[in-house]
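S.K.: Chains A and B are the protein sequences, given in the same order.
With this note's numbering applied, the first sequence corresponds to residues 4 to 349, in that order.
With this note's numbering applied, the second sequence corresponds to residues 51 to 318, in that order.
Take this structure first; my questions come after.
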Amino acid sequence: MSIVIDGLSKQFGSFVALNQVSLSVQTGEFVALLGPSGSGKTTLLRMIAGLEQPDAGRIIVNGQDTQAVGVAQRGVGFVFQHYALFRHMTVFENVAFGLRVKPKSERLPAAAIKEKVMSLLQLVQLDWLADRFPDQLSGGQRQRIALARSLAVEPKLLLLDEPFGALDSTIRKELRQWLRRLHDQLGVTSVFVTHDVDEAMEMADRVAVLRHGIIEQIGHPDEVYHHPANSFVLQFIGGVNLFHGRIGEHGIQVSSPASSSEQVTAYIRPQSVRVHVSANGLADHVMATIKRMRHDGISARMDLVTEWGHPFEAIIPASQVVSEGLKVGQPVAVTFDHMVVGDYSI
Amino acid sequence: MKWGIMAIAGLFLGLFLGLPLALILSEAFGKGWWVYAQAIEHPDTLHAIGLTLKVALIAVVCNTVFGIASAWLLTHTSLRAKPLWMALIDLPFSISPVVAGLMFVLVFGRSGWLGPWLLSHGLPVIFTPWGIGLATCFVTLPFVSRELIPLMQTQGTQEEEAATLLGASGWQVFCKITLPKIKWGVLYGVLLAAGRAVGEFGAVSVVSGHIVGKTNTLSLHIERLYNEYQFHAAFSVSTLLVGIGILSLLVHPIVANQHRHLSKGKTP
Chain A
4 MSIVIDGLSK QFGSFVALNQ VSLSVQTGEF VALLGPSGSG KTTLLRMIAG
54 LEQPDAGRII VNGQDTQAVG VAQRGVGFVF QHYALFRHMT VFENVAFGLR
104 VKPKSERLPA AAIKEKVMSL LQLVQLDWLA DRFPDQLSGG QRQRIALARS
154 LAVEPKLLLL DEPFGALDST IRKELRQWLR RLHDQLGVTS VFVTHDVDEA
204 MEMADRVAVL RHGIIEQIGH PDEVYHHPAN SFVLQFIGGV NLFHGRIGEH
254 GIQVSSPASS SEQVTAYIRP QSVRVHVSAN GLADHVMATI KRMRHDGISA
304 RMDLVTEWGH PFEAIIPASQ VVSEGLKVGQ PVAVTFDHMV VGDYSI
Chain B
51 MKWGIMAIAG LFLGLFLGLP LALILSEAFG KGWWVYAQAI EHPDTLHAIG
101 LTLKVALIAV VCNTVFGIAS AWLLTHTSLR AKPLWMALID LPFSISPVVA
151 GLMFVLVFGR SGWLGPWLLS HGLPVIFTPW GIGLATCFVT LPFVSRELIP
201 LMQTQGTQEE EAATLLGASG WQVFCKITLP KIKWGVLYGV LLAAGRAVGE
251 FGAVSVVSGH IVGKTNTLSL HIERLYNEYQ FHAAFSVSTL LVGIGILSLL
301 VHPIVANQHR HLSKGKTP
């Protein structure tokens, strides 16, 4: 099922939630709506579901304008951020709900409903929880039940609002891969909302970056990462260091505040910063001092400051910190793998 | 210090709650079971019990339906008149029941706005059980909706949205999702309203006309017995109201506990 969103606008009082947003999603695609809070991503998702009415613009699903189609008739699966499981029903009844409320003529016989619900619970690997109530489940389990419930009605379109927002980071990483595999297995067109850059980059076929109700960029995760459309996208995706420099003989020379008129701004991601214990054998480098360091086992984030007092950030493998014995206060030589030069002011 | 405060609180409790309760019981049973039973079995008393229960039932049913409907409207729709509506719901709490009674007399009485018209259609309201029912409905109007509005506000509408997205119709959502979600809140409001309905005196006193065997509720009956110097009978009948009070005290914690449990929990 393909979606074409055309010039969608929505205002809540004086707050502009969406401003002329256009976007299209291909059949079977997995698209992330990424942005800081208040960027309009959830409003956009709720509008696709029909839970919110646009002030202007159209949503066309499979070539048909959805304006006149009621929420209950849209055949959309929706997973809420806080799951919205029916608290007075068991897990089984929750998943069966969509099948049981169908008009008698379309409703499956009880035995078939039971079979279908159990197979969905097996799909999310929680069939052993069928008789529990939602408040007896962990966050990750509720999340998967909510997903099973939305899949019960065989939606042609699956919408997920911050699907992992309320979970702790370990379970989040685990569920990300699981959900992506499930998507590939079912092939249902999916759109999910997130403010977590890693989550969007890891899971989505395409990422739409939103800010202030506008889509700043849409594209493949690599494209958004390496060719950001503007400074907002650049800074939002993965963070960035700003350096001022001059265009020299051997490319950009990042150095102490340049007075020349040919001054340029270089954007360097923390991951592109290489840290060396000594400057020996390095052609172009910058001397800096480590000010602060934080480990998470895999990588180390460090705050550094250049000789001329310009602060910047680096992310290096944690193993390097151990093997080279890097310490706070230590002077180091720094090189840059990759930088983006240009004027990104908007 | 601790003992001093406890003594003050204990004395207060004993003086204002324990002593009257003991007095009611001792006066009621002071002349033995026989006198007690006679007072209760008196046809006037039996009629008063029946009338009180009937009126309470009508008031509670009406206000439960109204309470659920108004709480739903206030929390599930974007009504413009919300503050006005809330203020109107609170009105019975803020005006004296006697004034409420007088108000009904002015509207439905023999020389009131609607009274003559209703009377000509054979439907007298004032000085009949209808009037009592009306007055009781009025004074118990806020209980159910006051309980439900904050409850439904904290519960939010996500479960309803989820149900709608799964294909449920408006009524299916209401019956299968909304009602089960709020049932303990409804029960709590019903309990409060029923307690008030049974014990209501002021408003009912104005509209009833005190016709023994016709429009005398339990509270009015007790007053009459007392004014006629039938102290033992008055206290005997009082034990019935005390009994209802104690019964609701016993049920309250259970319902209140469930109710609090639900209104606290976010959507699972």
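We treat Cβ as the ideally placed atom computed from N, Cα and C, and that holds for glycine.
Any beta carbon from chain B within less than 8 angstroms of phenylalanine 167(A)'s own beta carbon?
M.R.: Here the question's residue 167(A) lines up with position 164 in the first sequence. False, the Cβ-Cβ gap to chain B never drops below 8 angstroms.
S.K.: How is the beta strand (DSSP E) around glutamine 23(A) delimited, first residue to last?
M.R.: Working through the first sequence from its first residue, we reach residue 23(A) at position 20. Taken as a continuous stretch (DSSP letters only), the beta strand (DSSP E) holding glutamine 23(A) covers 18-28.
S.K.: When you compare each of Ser326(A), Trp181(A), Ala169(A), Ile301(A) to histidine 279(A) by their alpha carbons, which one comes out closest?
M.R.: Counting from one through the first sequence, the residue named residue 279(A) turns up at place 276. When each option's Cα is compared against that of histidine 279(A), the closest is Ser326(A).
S.K.: Starting from the Cα of serine 122(A), find the closest Cα among Val337(A), Lys159(A), Ala155(A), Phe100(A) and give me that residue.
M.R.: Translated into positions along the first sequence, residue 122(A) becomes position 119. Measuring from the Cα of serine 122(A), the nearest candidate turns out to be Ala155(A).
S.K.: Of all Cβ atoms in chain B, is any one closer than 8 angstroms to the Cβ of glycine 101(A)?
M.R.: As a working note, residue 101(A) is residue 98 in the first sequence. Answer yes: the Cβ-Cβ gap between glycine 101(A) and chain B drops below 8 angstroms somewhere.
S.K.: If I measure Cβ to Cβ from arginine 214(A) and keep anything under 8 angstroms in the same chain, skipping five residues before and after, which residues do I get?
M.R.: Counting from one through the first sequence, the residue named residue 214(A) turns up at place 211. Here the set comprises Gly38, Pro39, Ser42, Phe235, Phe239.
S.K.: Give the secondary structure of phenylalanine 81(A) by DSSP, where H, G and I count as helix, E and B as strand, and everything else as coil.
M.R.: In the first sequence, counting from the first residue as 1, residue 81(A) sits at position 78. Here phenylalanine 81(A) sits in strand by DSSP.
S.K.: Take glycine 101(A) and list the residues in its own chain whose beta-carbon comes closer than 6 angstroms to its own, dropping the five residues that flank it on each side.
M.R.: Here residue 101(A) refers to the residue found at position 98 when the first sequence is read from its first residue. Around glycine 101(A): Ala155, Val156.
S.K.: Leucine 48(A) lies in the beta strand (DSSP E); which residues open and close that run?
M.R.: Within the first sequence, numbered from 1, the residue matching residue 48(A) stands at position 45. Element bounds for leucine 48(A): not the beta strand (DSSP E) but the alpha helix (DSSP H), 44-52.
S.K.: I think asparagine 113(B) touches threonine 190(B), with their Cβ atoms under 8 angstroms apart; what is that distance to the nearest whole Å?
M.R.: As a first step, residue 113(B) is located in the second sequence; it is residue number 63 there, counting from the start. As a first step, residue 190(B) is located in the second sequence; it is residue number 140 there, counting from the start. Confirmed, Cβ separation roughly 5 angstroms.
S.K.: Check the Cβ of proline 230(B) against every Cβ in chain A and list those closer than 7 angstroms, keeping chain order.
M.R.: Taking the second sequence and counting its residues from 1, one reaches residue 230(B) at position 180. Those within 7 angstroms of proline 230(B) in chain A are His91.
S.K.: Do you know whose CA, among Leu48(A), Glu165(A), Gly60(A), Ile6(A), lies nearest histidine 85(A)'s CA?
M.R.: Within the first sequence, numbered from 1, the residue matching residue 85(A) stands at position 82. Out of Leu48(A), Glu165(A), Gly60(A), Ile6(A), Glu165(A) has the C-alpha closest to the C-alpha of histidine 85(A).
S.K.: Where does isoleucine 227(B) land, buried or exposed, given buried means 16+ other C-beta within 10 angstroms?
M.R.: As a first step, residue 227(B) must be located in the second sequence, where it is residue number 177. Isoleucine 227(B) should be labelled buried.
S.K.: At a CB-CB cut-off below 7 angstroms, which residues of chain B make contact with leucine 161(A)?
M.R.: Translated into positions along the first sequence, residue 161(A) becomes position 158. Correct list: empty, because the minimum Cβ distance to chain B is about 11 angstroms.
S.K.: With a threshold of 8 angstroms between beta-carbons, can glycine 165(B) be considered close to chain A, or not?
M.R.: The count along the second sequence starts at 1 and reaches residue 165(B) at position 115. Not closer than 8 angstroms to any Cβ of chain A, the Cβ of glycine 165(B) fails to qualify, so no.
S.K.: In whole angstroms, what is the alpha-carbon distance linking valine 149(B) and alanine 253(B)?
M.R.: Working through the second sequence from its first residue, we reach residue 149(B) at position 99. Working through the second sequence from its first residue, we reach residue 253(B) at position 203. Answer to the nearest angstrom: the Cα atoms are 7 angstroms apart.
S.K.: Using CA coordinates, which residue listed in Asp299(A), Arg110(A), Gly216(A) is at the minimum distance from phenylalanine 18(A)?
M.R.: Here residue 18(A) corresponds to residue number 15 of the first sequence, with the count starting at 1. When only C-alpha atoms are compared, the closest one is Gly216(A).
S.K.: Would you kindly report the start and end of the unbroken beta strand (DSSP E) that includes proline 334(A)?
M.R.: Looking up residue 334(A) in the first sequence gives position 331. Per DSSP, proline 334(A) belongs to the beta strand (DSSP E) from 334-339.
S.K.: Does chain A have any CB closer than 8 angstroms to the CB of glutamate 197(B)?
M.R.: In the second sequence, residue 197(B) corresponds to position 147, counting from 1. It does not: the Cβ of glutamate 197(B) has no partner Cβ on chain A nearer than 8 angstroms.
S.K.: Give the DSSP-derived three-state secondary structure of histidine 282(B) in the structure shown.
M.R.: Residue 282(B) sits at position 232 when you count from the first residue of the second sequence. Helix at histidine 282(B).
S.K.: Leaving out five residues before and five after glycine 10(A) in sequence, what residues of the same chain have Cβ atoms less than 8 angstroms from its Cβ?
M.R.: Residue 10(A) sits at position 7 when you count from the first residue of the first sequence. Closer than 8 angstroms at the Cβ level, and outside the excluded window around glycine 10(A), lie Gln23, Val24, Ser25, Ala59, Gly60, Arg61.
S.K.: Give, in chain order, every residue of the stretch 12-30 of chain A whose Cβ lies closer than 7 angstroms to some Cβ of chain B.
M.R.: From the stretch 12-30 of chain A, no residue has a Cβ closer than 7 angstroms to chain B.
S.K.: Beta-carbon separation of alanine 133(A) and phenylalanine 95(A) under 8 angstroms?
M.R.: Mapped onto the first sequence, residue 133(A) falls at position 130. Mapped onto the first sequence, residue 95(A) falls at position 92. Closer than 8 angstroms, so yes.
S.K.: If you measure beta-carbon to beta-carbon, which residues of the stretch 199-233 of chain B are closer than 8 angstroms to chain A?
M.R.: Result list: Gln208, Glu209, Glu211, Ala212, Ala213, Thr214, Leu215, Leu216, Gly217, Ala218, Ser219, Gln222, Lys226, Ile227, Pro230, Lys231.
S.K.: At 4 residues or longer, and completely inside the stretch 239-314 of chain B: list those alpha helix (DSSP H) runs for me, N to C.
M.R.: List check, alpha helix (DSSP H) in window: 252-258, 268-277, 281-314.
S.K.: Please identify, using Cβ separations under 7 angstroms, the residues of the stretch 49-76 of chain A that lie next to chain B, in order along the chain.
M.R.: Residues passing the 7 angstroms Cβ filter: Ala52, Leu54, Val74, Ala75.
S.K.: Using the beta-carbon of each residue, which ones in chain B are nearer than 8 angstroms to valine 104(A)?
M.R.: For the purposes of this step, residue 104(A) is identified with residue 101 of the first sequence, where counting begins at 1. Ordered by position in chain B, the residues that pass the 8 angstroms Cβ test against valine 104(A) are Ala213, Leu216, Gly217, Ala218, Ser219, Gln222, Lys226.
S.K.: Per DSSP, what kind of secondary structure is glutamine 205(B) in: helix, strand or coil?
M.R.: As a working mapping, residue 205(B) is identified with position 155 in the second sequence. Glutamine 205(B): helix per DSSP, three-state reduction.
S.K.: Using a Cβ-Cβ cutoff of less than 8 angstroms, which residues in the same chain neighbour glutamate 55(A) once the five nearest sequence positions on both sides are dropped?
M.R.: As a first step, residue 55(A) is located in the first sequence; it is residue number 52 there, counting from the start. Excluding positions up to five away in sequence, the list reads Lys13, Thr46, Arg49.
S.K.: Rounding to the nearest angstrom, what Cα-Cα distance links alanine 87(B) and alanine 283(B) in this structure?
M.R.: For the purposes of this step, residue 87(B) is taken as residue 37 along the second sequence, with counting starting at 1. For the purposes of this step, residue 283(B) is taken as residue 233 along the second sequence, with counting starting at 1. Rounded to whole angstroms, alanine 87(B) to alanine 283(B) spans 9 angstroms at the Cα level.
S.K.: Under the rule that 16 or more other beta-carbon atoms within 10 Å means buried, what is asparagine 65(A), buried or exposed?
M.R.: What you label residue 65(A) is simply residue 62 of the first sequence in a count that begins at 1. Exposed: under 16 other Cβ atoms inside 10 Å.
S.K.: How about phenylalanine 81(A): is its C-beta nearer than 8 angstroms to some C-beta of chain B?
M.R.: Here the question's residue 81(A) lines up with position 78 in the first sequence. Cβ-Cβ to chain B under 8 angstroms: yes for phenylalanine 81(A).
S.K.: Between the Cα of alanine 185(B) and those of Ser170(B), Ile145(B), Arg196(B), spot the shortest distance and give me the residue it belongs to.
M.R.: As a working mapping, residue 185(B) is identified with position 135 in the second sequence. Residue Ile145(B) is the option with its Cα nearest to alanine 185(B).
S.K.: So, does the CB of alanine 87(A) fall closer than 8 angstroms to a CB anywhere in chain B?
M.R.: Counting from one through the first sequence, the residue named residue 87(A) turns up at place 84. Cβ-Cβ to chain B under 8 angstroms: yes for alanine 87(A).
S.K.: Identify, in the order they occur along the chain, each residue of the same chain with its Cβ nearer than 7 angstroms to the Cβ of isoleucine 51(A), setting aside the five sequence neighbours on each side.
M.R.: The residue you call residue 51(A) lines up with position 48 of the first sequence. Only Ile6, Ile62, Leu162, Val194 meet the Cβ criterion.
S.K.: Between which two residues does the beta strand (DSSP E) holding methionine 305(A) run?
M.R.: Taking the first sequence and counting its residues from 1, the one referred to as residue 305(A) is at position 302. Element bounds for methionine 305(A): 302-309.
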